[in-house]
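Shown next, in structure tokens, is the structure this report addresses.
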Amino acid sequence: MPELPEVETTVRGLRNKIIGRKIKGVWTDWPKYFKNSSKEEFKDCVIGEKIEGIERKGKNILFILSKEKILLVHMKMTGHFLVGKWEERKGVDKVYNKKWEDEKWIPESRTGKMMDPKNRFIRLIFYLNNNQMLALSDMRRFAKVICGAKEEILNSRDLDLGVDPLSKDFSFEVFKNILSNRRKRIKTLLMDQKIISGIGNIYSDEVLWRAKIHPLTPSNEIKEDKVRVLHQEIINILRRAVKLGGTSTDDFRDPNGIKGRYGRELDVYQKDGEKCKRCGGEITRIKIGGRSARFCPKCQKK
DNA sequence: ACAATATCCTGCGAGC
DNA sequence: TGCTCGCAGGATATTG
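Under our numbering, the first residue of the first sequence carries the number 2, and numbering increases by one thereafter.
Listed below in structure tokens is the structure:
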């Protein structure tokens, strides 16, 4: 489930590999990715353009293209990018070895021959010059892929996002104001991209556990000392997770196909039934707005 | 202003 | 063995 650390890991990995490359072709078996355009319109937008930069905005990836265009990708839940040269990556290579113009050709990786089964679900491929390819593996087909003029994309609702928790703007004062001006449940607030951008289910559970805050607490009822701890833990945990290449409890892989290593440092996420490392209480799962929240009822009181 | 629910999808594991 | 069912959750739309 790509959240800020996973998206940041992806962006950093991609920067090293495909900046300066030119998009020569596109293959997909799921044109629904291109929300507001047809496959042909999408191809017209990206083919021939050079990738001049790669940036992260919240959980979105922005490929800055030549001719003042931007390719925006949101990996949603199961998406991850893989980059390879055909010599290095079986399965994907075969596609390149075949004729990539052939839309009907099915990547061999989808037959499960690749080493890592989680890299199996390749639905979209960008063919670059230099014999490289950028592939999107996305089991559940939730990803969003949009190409458009720079101004149009930057001003679109997709990028109407709150403060980035790893930016300088995320000061204690700013955070305190965000919490005190609403009475939304803290767990929901942390995951609201229009308020703070980048935190999802995994890291919201983790930061609340560290700060000993019950996930259902209205944000304006949290005492200042806990707000301070929460603010610091958001920064600490996200930085640490970025450093370790994110969390791969399931699908996520970096552009080399490598798993993130933050999973071994998780304290509550997916630990239902286990003992709390801090107080020995039982980690419990509740539903908040249809989403699972894990916490320790003994040391995370309202 | 806030909360809940359905929707989009598919693999996986549990239970029968 | 093979079926059904619930679960996973990022974001948005809709309804309360």
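We put the CB at the ideal spot given by N, CA and C, even for glycine.
Check                                                                                                                                                                        : Outcome
Could you check the C-alpha separation between V173 and K303 for me, to the nearest Å?                                                                                       : The question names Val, yet the displayed sequence has Phe at residue 173. In a straight line, the C-alpha of F173 is about 22 Å away from that of K303.
Are I179 and I196 close, meaning C-beta to C-beta below 8 Å?                                                                                                                 : yes
Go ahead and pull the three-state DSSP assignment for H215.                                                                                                                  : coil
Rounded to the nearest angstrom, what separates H75 and R141 at their Cα positions?                                                                                          : 13 Å
Candidates L209, S39, G201: which alpha carbon is nearest L5's?                                                                                                              : G201
Quick one: using the 10 Å Cβ neighbour count with 16 as the cut-off for buried, is R254 buried or exposed?                                                                   : buried
Compute the distance between the beta-carbons of P216 and I147, then report whether it is under 8 Å.                                                                         : no
Using 8 Å as the threshold, is the segment 120-127 in touch with the segment 17-35, meaning 3 or more CB pairs across them?                                                  : yes
Taking all protein chains shown into account, do 16 or more other C-beta atoms lie within 10 angstroms of the C-beta of A136, making it buried, or fewer, making it exposed? : buried
Taking the continuous beta strand (DSSP E) assigned at S181, which residues delimit it?                                                                                      : It is not in any beta strand (DSSP E) - S181 instead sits in the alpha helix (DSSP H) that spans 173-181.
Give me the DSSP bridge partner(s) of I236.                                                                                                                                  : DSSP, once it has assigned bridges, lists no residue as partnering I236.
Using only the alpha-carbon positions, how far apart do I48 and S67 sit?                                                                                                     : 11 Å
Leaving out the 5 sequence neighbours to the left and right, which residues in its chain are closer than 8 Å to S293 when beta-carbon positions are compared?                : N202, R286, I287
Within a Cβ cutoff of 7 Å, which residues of the same chain sit near G264, ignoring the five residues on either side of it in sequence?                                      : T248, S249, T250
Count Cβ pairs between the segment 267-280 and the segment 181-189 that sit closer than 8 Å; are there 3 or more?                                                            : no
Could you check the C-alpha separation between T189 and A212 for me, to the nearest Å?                                                                                       : 16 Å
Applying the criterion that 16 or more other CB atoms from any shown protein chain within 10 Å of the CB defines a buried residue, is K244 buried or exposed?                : exposed
Excluding the 5 residues flanking F122 on each side, which residues of the same chain have their C-beta closer than 8 Å to its C-beta?                                       : T79, R111, S138, D139, M140
With a Cβ-Cβ cutoff of 8 Å, do M134 and G54 count as a contact?                                                                                                              : no
Helix, strand or coil for C148? Go by DSSP, reduced to three states.                                                                                                         : strand
Given this structure, state the Cα-to-Cα distance separating L83 from N221, to the nearest angstrom.                                                                         : 42 Å
With DSSP as the reference, identify every bridge partner of R292, one or two as the case may be.                                                                            : I289
Leaving aside the five residues before and after L15 along the sequence, list all residues of the same chain whose C-beta is less than 6 Å from its C-beta, in chain order.  : I55, P256
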